[in-house]
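Below: the structure, in C-alpha cells.
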Amino acid sequence: MIYNGDKKAEELAVRHRILSDEQEAVLDLYIQHIDNVFEEMKLSEKLQVEIETQHLKRILSR
Numbered sequence: 000m001i002y003n004g005d006k007k008a009e010e011l012a013v014r015h016r017i018l019s020d021e022q023e024a025v026l027d028l029y030i031q032h033i034d035n036v037f038e039e040m041k042l043s044e045k046l047q048v049e050i051e052t053q054h055l056k057r058i059l060s061r
C-alpha cells in the first residue's frame, strides 16, 4: 500500500489489515496462478476454434 508519505494513514492501515504479509504474498501468488490458468484457457479456446475452422474448410472444399 502506498500512502505518499502520510505516516498516520499508513499506521492506521497496518493496524486494520485483514491479511498478514505472508497471507498477502500467498494470495498474490494464487491470483497470478489463476491469471495464468485463464490465459492458457483462452489460448486453448483459440486453438480449438482454429482446428474446427480448418476442419470445416476441408469439409466444404470437397
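Numbering (numbering that gives the first Met the number 0), first residue to last: 0 to 61. Even for Gly, the Cβ is constructed at its ideal location relative to N, Cα and C. Remember, it's a predicted structure, so these values are computed and weren't measured experimentally.
Are the CB atoms of LEU26 and LEU18 nearer to each other than 9 Å? Yes, the Cβ-Cβ distance between LEU26 and LEU18 is below 9 Å.
Give me the Cα-Cα distance between ARG57 and ALA24, rounded to the nearest whole angstrom. For ARG57 and ALA24, the distance between alpha carbons rounds to 50 Å.
Curious, which full-length beta strand (DSSP E) runs of at least 3 residues does the stretch 32-58 contain? Residue ranges of uninterrupted beta strand (DSSP E) with 3 or more members are absent from the stretch 32-58; none lies entirely inside it.
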